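*Asks:* Numbering (our numbering), first residue to last: 29 to 146. So that we are looking at the same thing, I have put the structure below in structure tokens.
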């Protein structure tokens, strides 16, 4: 694989790590109970710090608009699912529809492909 292709793959791995860090941080934020639980609060800060660092590495090879759309879109949809599965939050038809629209938006942004040439 050419060097440029490998750096793009690496960038998307950094982006995936950023998303994982955001998901862990958001779950710990819920568990911190308004930052009243020390270890969950420390974990929240560490996970979000990790997520932003990984996002910054991804941005070296992925355009900002594309990276942020993926990071926020996948993060939002996955966080909603985690809320339902782990935190036993209720889901409605509107919740499911919203998640589908978020995913569709991220796909549409990536299909446009304009920002990928940078």
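Think of the CB as a built atom: it goes at the ideal place given N, C-alpha and C, for glycine as much as any other residue. All values derive from a computational prediction rather than experimental measurement.
1) Please report the distance separating the alpha-carbon of residue 129 from that of residue 98.
2) Going by CA-CA distance only, name the one from 79, 126 and 119 that's closest to residue 46.
3) Can you list, in chain order, the residues of its chain with a C-beta nearer than 8 Å to that of residue 118? Leave out the 5 residues immediately preceding and following it.
4) With DSSP collapsed to three states, give me the class of residue 104.
5) Look at residue 131 and residue 108 and say whether their C-beta atoms are less than 7 Å apart.
6) Does the separation of the CB atoms of residue 110 and residue 55 fall below 7 Å?
*Replies:* Quick answer:
1) 13 Å
2) 79
3) 112
4) helix
5) no
6) yes
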